[in-house]
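Q:
Residue numbers (mature numbering (1 follows the signal peptide of the UniProt record, and there is no 0)): -25 to -1, 1 to 307.
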């Protein structure tokens, strides 16, 4: 199944789960990304109907309880919905570490491409006067922040397509151009890395996603290469990054009773009338900034300037992403 069709099916399920009334095919076409068409064009509308019939059959084969019916006796056109009572899973008992892993994976999946489309679809349903149940599905907004390069690099690694990007190294003023055959994207010590074959250096290399400057350019055709069998991406990153030496010291002001994680990390804590001053060891300003922004207004950086500037830059990037999602209807 193609990625486009998979995303369309997922958004269709989210759409039908988000309301308990029957939705007509026309309402679904106006709501779910991938069904856009001109209903006045006979050929275009016929193509939509074939696509919709295939998708309905696919969902039923997957065990999704898709119902057909009408909201009232006055409705001339049948509609569709998912039976909540039959679709709900029984209670699943997970160990704490398993539950944490599932939660992180789900939130990351939301961020990596489907949250904006799904949220946009629900906004369209509300605009059309359809009651949307906010408790019907899991939250759709991203809760795990990943770098902008994450989505294009994971897609390129999956499709085996070569990419190009500009990469910033701390000891150089200007970024350098890189060409890569990506094998995969992994998280190591709280940071995301892409591992692959560097075409210019003819060697295995890994790159931290937070240091990718600008857009990732997909330059190759699908299936252009094959990664080594049984490659261990984490081992490549671990060998490349080496041991973490936290020689830097940052001072932050934490609100009273807040930022418990930072308090455990701090090597010094000094209480005051405006909050608690925490001294935090760190190795990389960008890495520390990415951690600090997760605490929102509960934490303010006092020193050093490099960490404060890194936090400001992160917040600016988040604001830009928020504006982009708002412009496309992905944020209410």
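Note that CB positions come from ideal geometry on N, CA and C, so glycine has one too.
Could you tell me the distance, in whole angstroms, from the CA atom of residue 193 to the CA atom of residue 144?
A: In a straight line, the C-alpha of residue 193 is about 21 Å away from that of residue 144.
Q: Using 10 angstroms around the beta-carbon of residue 241, count the other beta-carbons present and answer buried if the total reaches 16, otherwise exposed.
A: Residue 241 comes out buried.
Q: Taking the straight line between their C-alpha atoms, what separation do you get for residue 154 and residue 181?
A: Looking at the two C-alpha atoms, the distance is approximately 12 Å.
Q: What is the DSSP secondary structure of residue 141, counted as helix, strand or coil?
A: Reduced to three states, the DSSP call for residue 141 is strand.
Q: For a test of the three-state rule: what should DSSP assign to residue 58, helix, strand or coil?
A: Three-state result, residue 58: coil.
Q: Buried or exposed: residue 24, going by 16 or more other Cβ atoms within 10 Å of its Cβ?
A: The residue is exposed, with fewer than 16 neighbouring Cβ atoms inside 10 Å.
Q: Here's a check: name, in chain order, each residue in its chain whose Cβ is nearer than 7 Å to the Cβ of residue 4, leaving out the five neighbours to either side.
A: Correct list, in chain order: 10, 12, 23.
Q: Quick check on residue 184: buried or exposed, where buried means 16 or more other Cβ atoms within 10 Å of its Cβ?
A: Buried: at least 16 other Cβ atoms inside 10 Å.
Q: Throw me the rounded Cβ distance for the residue 33 and residue -17 pair, which I believe falls under 8 Å.
A: Contact flag correct, Cβ pair sits at about 6 Å.
Q: On the premise that residue 191 lies in contact with residue 142, defined as a C-beta separation below 8 Å, what is that separation, rounded to the nearest angstrom?
A: Contact flag wrong, Cβ pair sits at about 11 Å.
Q: Over what stretch of residues does the alpha helix (DSSP H) that includes residue 34 continue unbroken?
A: Start and end: 17 to 36.
Q: Going by Cα to Cα distance, which pick from 172, 151, -11, 150 is closest to residue 132?
A: Nearest option by C-alpha distance: 172.
Q: Can the beta-carbon of residue 17 be found closer than 7 Å to that of residue 42?
A: Taking 7 Å as the Cβ cut-off, residue 17 and residue 42 do not qualify as a contacting pair.
Q: What do you get for residue 151, buried or exposed, if any count of 16 or more other CB atoms within 10 angstroms of its CB means buried?
A: Classification of residue 151: exposed, given that the 10 Å Cβ count is below 16.
Q: Can you list, in chain order, the residues of its chain whose CB lies under 7 Å from that of residue 244, leaving out five sequence neighbours each side?
A: Result list for residue 244: 238, 251, 253, in chain order.
Q: Can you look up residue 125 in the DSSP assignment and give me helix, strand or coil?
A: Here residue 125 sits in helix by DSSP.
Q: Cβ atoms of residue 135 and residue 198: under 7 Å apart, would you say?
A: Taking 7 Å as the Cβ cut-off, residue 198 and residue 135 qualify as a contacting pair.
Q: CB residue 285 to CB residue 261, shorter than 7 Å?
A: Yes, these two residues count as a Cβ contact at 7 Å.
Q: Identify which residue in 169, 149, 156, 137 has its Cα closest to the Cα of residue 125.
A: When each option's Cα is compared against that of residue 125, the closest is 169.
Q: Near residue 38, what residues of its chain come up, given a Cβ to Cβ distance below 8 Å and the 5 sequence neighbours on each side ignored?
A: Nothing meets the Cβ criterion.
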